[in-house]
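Residue numbers (UniProt numbering): 1 to 305.
Encoded structure:
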């Protein structure tokens, strides 16, 4: 949707360039995921630096004596550090928080002051199931709530506000995947379970929406004759074109799913009343296409209709 919006506003109509940018934005979700895992890794390692600082104190406090380097050998973190895919992707994306050491230090500072962390240090169970809890806490209660980290991700990844939800799902899947005491059995989360199929869908939806833009625009125009052209938001037009493209060119996607998905997108990305407007126009277009016999849906759980 965002790439089609950029394409519509650009004088450059080289589809290949925009398709390349589209797939780059998808790749950035995975890159964001690796940056997040690496931040958890770096925070765990920071306990060693913190311990050295406390060891230099002339009169260590009772809390100083409680703060061990246990987190650096956390079973989940150790399994992550031994994951070949993780190590390769860290290298591929050139992930390093050295550009802003304060980020890691600030996360650990908040962690160190929490009762949850002190309880973890006293916990004897070193199984990966038990050790994951403190890492979940760092991610959910500190990293996701940090304004500084939010700013870093917004600067590095243009689609952060939207992709943030996907990131949460991927990290949650990682916690679920990392359940074996044998590090070789623990797998990173995949952005999609079937990339070959999904990448083909991404490319086809993008290209067909552009290829048949004029035809779809006429369908929309026929149903919006009482609307002045400049009153229809460009985003609404793009969303409706994409929906029509799915209805006509993707037989395995139910019509109701298509319409519901684009109504939900309009609530986030378009105007206040766009969802009602888009729903009404798409229902009328669907009725025409159904009468013309142009809607064909087939596949698991679907009948041609």
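The beta carbon of each residue, even a glycine, is placed where N, CA and C say it ideally should be.
Sequence-distant partners of residue 117 (beyond 5 residues in either direction) whose C-beta falls short of 6 Å from its own C-beta, in its chain, are 111.
Here residue 124 carries a coil assignment [DSSP, helix/strand/coil].
In the three-state DSSP reduction, residue 293 falls in the coil class, being neither helix nor strand. Residue 143 is positioned such that its CB atom lies closer than 8 Å to that of residue 149.
Inter-residue distance for residue 245 and residue 264 is about 17 Å (C-alpha atoms, whole angstroms). The segment 114 to 193 contains, as complete alpha helix (DSSP H) runs of 4+ residues, the segments 115 to 122, 128 to 137, 147 to 156 and 160 to 177 (chain order).
Put simply, of 159, 129, 240 and 276 the residue whose alpha carbon is nearest the alpha carbon of residue 24 is 159. At the C-beta level, residue 186 and residue 79 come within 8 Å of one another. Between residue 140 and the set 194, 47, 170 and 227, the nearest pair of CA atoms involves 170. For residue 233, the three-state secondary structure derived from DSSP is coil.
In the DSSP assignment, residue 11 falls outside any alpha helix (DSSP H) and carries neither an H nor an E. Under the DSSP assignment, residue 75 falls in the alpha helix (DSSP H) whose first and last residues are 75 to 81. Under the three-state reduction of DSSP, residue 95 is assigned to coil, being neither helix nor strand. 32 is the residue among 32, 275 and 237 whose C-alpha sits nearest the C-alpha of residue 164. Counting C-beta pairs closer than 8 Å gives three or more between the segment 215 to 227 and the segment 237 to 252, which meets the contact rule. Contact check for residue 281 against residue 223 passes: the beta carbons are separated by less than 8 Å. In the three-state scheme derived from DSSP, where H, G and I count as helix and E and B as strand, residue 41 is classed as helix. In the structure shown, residue 35 adopts helical secondary structure according to DSSP, grouped into three states. Of all alpha-carbon atoms in 192, 22, 98 and 276, the one lying nearest the alpha-carbon of residue 1 is that of 22. One Cα belongs to residue 259, the other to residue 279, and the distance between them is close to 7 Å.
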